[in-house]
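Below you'll find the structure, written out as structure tokens, and then a few comments.
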Amino acid sequence: MFYHALQIEEPRCIGCSRCMKICPTEAIRIFGGKASIQEHRCIDCGKCYEVCPAQAISIKDDDFEAFRRYPHSVALLPAVFMGQFPDDISVSKVYATLYELGFAHVMEVESAAMIYKEAKERYAREHPDIRPLISSFCPAIVRLIQIKYPSLAENVMPIKVPLDLSAMYAVEELMSRGIPREEIGLFYITPCAAKVSAVKAPVGEEKSIIDGVINMNSLFNRVYKRMKDNGKNHQYKPLTRQRLGADAILSTLTNGERRICTAKRSYAIDGIQNVMDFLDKMENEEVEGVEFLELRACDQSCAGALLSCDNRFLCGERMYARARKAAERERNGEMPRDREMEKYQEYLIEHSLVEEVQPRSMMVLDSDIGKALEKMEKIERLKVQLPQIDCGVCGAPTCEAFATDVVCDKAHLHQCVFYRIHLEQNGKMSLRDGGANMKSIWGEDRIEKEIEL
Amino acid sequence: MHQEYTVIEGDFVNAGKASSSVKKTLKQLNVNPQVVKRVVVALYEAEVNAIAHAYGGKVLVDIDPDKIRMVVADKGPGIPDIALAMQEGYSTARPEVRDMGFGAGMGLPNMQKNVDKMNVTSEVGVGTTVEMEVNFV
């Protein structure tokens, strides 16, 4: 069983098939007028979520109130959360509001961005034979490589991301103050579906350290509402500890890792299709001498994340504005060093390794190569007989995907509308059966309708 | 399973089409990713050779449950001294081909390195045929 965080809310699904057509791993099929996700193919990139016109795709998360069960709840924020707020709302105001909402501690996960960078650099030094090294930062990319580019799985650095490192830091720091672990609740404010999967079913680890995930949109709504309710004259508690440097703030944006890495030749690529185009070339070894790859599933990286509620460019520029301010403070020597965090740097780096990323190819037709060959020959024969227009009426995204489904007994050939009309015209299928067949794919209502001009 | 591809002289834009397609097939067959890599690297080299040095040719691929056999046959100038051509760094590529990043004289040796069996036959003025085999286990 493979965990994925995107789910289809069936009652809302109108079976429009937009999601099926856009899914980069061809993980979606239509049955009975509803979309369904094949879990072994889903990488939680969220392309389906973006195109759904009925808001029928949701991201699994935990009950928002769950954090209140812990006396020492920690809100672990992605830097992109701050990028959601209009310019007149300061970072300290957001922090203060989070405390007002009941969080005992607030921490931006990018506090550990520089530790993550150092852990990667060390891994690169200790593994000079593995090139290119691929960043572990984007969990949708890690899963994409596992299922579609198995030969590159060993190139993914098996290193904990800033989220886990900052969570480990929070636990160590609070426990050093005598607080028992069971009183500490770590809640990640997630900007996307893939990060939910990374928490619920981490790659290379038994279990994540994080206790719960909160949807970034729902937290944004609560924070924003609280600020409105507070009114203009409300006194916000001043923030004493804000030490996120410019490099850390920018690390989740495109080029954020690449611009500070020491690798000679590296690429920063965002957008799942761009990443796939590049990895296709990479896998053929057509691109040589590459040392490091920063790959992100979303256009504009986390600023364009699914749950980033504002426009990706507006959000990105706000993060740049914050980084510019931080850089100025750094230049003027006004940014205090994070000595508390530094104390744990070595500990965190030593504990940053996870197990190697294992391939789990979605493409395998059969575990027996002889049988797989037979199936493939059937698929090849079938493919050329299908109309090759990828109309999707069969309930699969392409003729090729449909041919594969048929050969693997996941679909019937007469689901192809062209083949069915052929059968009907030659008296091999009744119109009634043809209609029933259509309904089994697209639901009862669609062909019961009278259409009038 | 048999597959055929045509390679056109000078068409660097489409170099790698055959190897990409073979790669996809082998992934679906659950062939070890490292073996797939070797096949793809060798076939890509051979494809580029046919494009760069010859007047195009054909790629014939046969996949069995235990191995893949690839034949790249070109119509071209042929190789007068195969042993010499198998040496690393030996190249007859024209400067304009080298400018495109091809023709470093690593082609044949690199193919040899990645396959389990390789046989090159050539006739000057007629063409060259490279046969390669990679075992899956």
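As given, the protein sequences belong to chains F and D, one line each in that order.
For the first sequence, numbering that gives the first Met the number 0 begins at 0 and goes up steadily by one.
For the second sequence, numbering that gives the first Met the number 0 begins at 0 and goes up steadily by one.
C-beta: ideal position from N, C-alpha, C; glycine also.
Beta-carbon proximity of residue i to residue j, cut-off 8 Å
i, j, result
"Ile-248 (chain F)", "Val-73 (chain F)", "no"
"Phe-80 (chain F)", "Met-174 (chain F)", "no"
"Val-139 (chain D)", "Ala-45 (chain D)", "The structure shown does not extend to residue 139 (chain D), since chain D spans only 0 to 136, so no value can be given for it."
"His-3 (chain F)", "Cys-41 (chain F)", "yes"
"Leu-164 (chain F)", "Phe-291 (chain F)", "no"
"His-453 (chain F)", "Ala-166 (chain F)", "Any question about residue 453 (chain F) goes unanswered here, given that chain F covers just 0 to 452."
"Met-132 (chain D)", "Val-114 (chain D)", "At residue 132 (chain D) the sequence reads Glu, which differs from the Met that was named. Yes, the pair counts as a contact, with Cβ atoms nearer than the cut-off."
"Leu-381 (chain F)", "Ala-410 (chain F)", "no"
"Lys-26 (chain D)", "Val-34 (chain D)", "no"
"Asn-283 (chain F)", "Val-30 (chain D)", "no"
"Glu-256 (chain F)", "Glu-293 (chain F)", "yes"
"Val-6 (chain D)", "Lys-57 (chain D)", "yes"
"Val-289 (chain F)", "Pro-157 (chain F)", "no"
"Ala-181 (chain D)", "Val-60 (chain D)", "Because chain D in this structure spans residues 0 to 136, residue 181 (chain D) falls outside the shown range and cannot be described."
"Glu-8 (chain D)", "Ala-53 (chain D)", "yes"
Buried versus exposed call for residue i [16 or more other C-beta atoms within 10 Å across all chains shown]
i, result
"Arg-338 (chain F)", "exposed"
"Val-212 (chain F)", "buried"
"Pro-52 (chain F)", "exposed"
"Thr-261 (chain F)", "exposed"
"Arg-28 (chain F)", "buried"
"Pro-149 (chain F)", "buried"
"Arg-37 (chain D)", "buried"
"Ile-450 (chain F)", "exposed"
"Asp-444 (chain F)", "exposed"
"Lys-206 (chain F)", "exposed"
"Ile-446 (chain F)", "exposed"
"Pro-237 (chain F)", "exposed"
"Ser-217 (chain F)", "exposed"
"Leu-347 (chain F)", "buried"
"Asn-425 (chain F)", "exposed"
"Ala-82 (chain D)", "exposed"
"Lys-280 (chain F)", "exposed"
"Ile-388 (chain F)", "exposed"
"Lys-46 (chain F)", "buried"
"Lys-224 (chain F)", "exposed"
"Leu-305 (chain F)", "buried"
Rounded straight-line distance, which links the Cα of residue j to that of residue i
i, j, result
"Met-340 (chain F)", "Val-160 (chain F)", "16 Å"
"Cys-415 (chain F)", "Pro-386 (chain F)", "9 Å"
"Tyr-187 (chain F)", "Arg-311 (chain F)", "21 Å"
"Thr-253 (chain F)", "Ile-268 (chain F)", "7 Å"
"Arg-419 (chain F)", "Met-428 (chain F)", "8 Å"
"Lys-66 (chain D)", "Ser-366 (chain F)", "16 Å"
"Asn-436 (chain F)", "Cys-18 (chain F)", "22 Å"
"Ala-371 (chain F)", "Lys-147 (chain F)", "17 Å"
"Leu-107 (chain D)", "Ser-121 (chain D)", "13 Å"
"Ile-144 (chain F)", "Gln-37 (chain F)", "17 Å"
"Gly-244 (chain F)", "Thr-251 (chain F)", "13 Å"
"Asp-98 (chain D)", "Ala-51 (chain D)", "12 Å"
"Glu-25 (chain F)", "Pro-396 (chain F)", "7 Å"
"Glu-316 (chain F)", "Glu-287 (chain F)", "33 Å"
"Tyr-48 (chain F)", "Cys-191 (chain F)", "10 Å"
"Met-226 (chain F)", "Pro-127 (chain F)", "51 Å"
"Val-353 (chain F)", "Arg-336 (chain F)", "28 Å"
"Met-0 (chain D)", "Val-123 (chain D)", "32 Å"
"Val-125 (chain D)", "Pro-76 (chain D)", "6 Å"
"Trp-441 (chain F)", "Lys-194 (chain F)", "32 Å"
"Lys-59 (chain F)", "Ala-78 (chain F)", "21 Å"
"Ser-265 (chain F)", "Asp-298 (chain F)", "18 Å"
"Arg-431 (chain F)", "Lys-448 (chain F)", "16 Å"
"Ser-360 (chain F)", "Lys-342 (chain F)", "41 Å"
"Glu-95 (chain D)", "Asp-10 (chain D)", "14 Å"
"Ile-78 (chain D)", "Ala-84 (chain D)", "7 Å"
"Ala-326 (chain F)", "Ala-123 (chain F)", "27 Å"
"Glu-64 (chain F)", "Asp-309 (chain F)", "25 Å"
"Glu-285 (chain F)", "Pro-358 (chain F)", "21 Å"
Nearest-angstrom beta carbon gap, residue j and residue i [assumed within contact, 8 Å]
i, j, result
"Leu-76 (chain F)", "Met-106 (chain F)", "7 Å"
"Ser-307 (chain F)", "Gln-83 (chain F)", "7 Å"
"Val-108 (chain F)", "Leu-162 (chain F)", "5 Å"
"Leu-28 (chain D)", "Met-334 (chain F)", "The pair is not a contact, with the Cβ atoms about 55 Å apart (cut-off 8 Å)."
"Val-406 (chain F)", "Ile-378 (chain F)", "5 Å"
"Ala-139 (chain F)", "Ser-351 (chain F)", "With a Cβ gap of about 21 Å, Ala-139 (chain F) and Ser-351 (chain F) do not count as contacting."
Next on the checklist: By the 7 Å beta-carbon criterion, what residues does the stretch 353 to 387 of chain F contribute toward chain D?
Outcome noted: Pro-358, Ser-360, Met-362, Val-363, Leu-364, Ser-366, Ile-368, Gly-369, Ala-371, Leu-372, Met-375, Glu-376
Item to check | Near-chain F residues of the stretch 20 to 44 of chain D (beta-carbon distance less than 8 Å), N- to C-terminal order | outcome: Lys-22, Lys-23, Thr-24, Lys-26, Gln-27, Leu-28, Asn-29, Val-30, Pro-32, Gln-33, Val-35, Lys-36, Val-39, Val-40, Tyr-43
Checklist entry - Which residues, in order along the stretch 124 to 152 of chain F, keep a beta-carbon less than 7 Å from a beta-carbon of chain D? => result Pro-149, Ser-150
Checklist entry - Which residues, taken in chain order from the stretch 262 to 283 of chain F, show a beta carbon closer than 9 Å to some beta carbon of chain D? => result Asp-279, Lys-280, Glu-282, Asn-283
Checklist entry - Using a Cβ cut-off of 9 Å, which residues of the stretch 60 to 90 of chain D contact any Cβ in chain F, in chain order? => result Ile-62, Asp-63, Pro-64, Asp-65
Checklist entry - Relative to chain D, which residues along the stretch 285 to 303 of chain F have a C-beta separation below 8 Å, given in chain order? => result Glu-285
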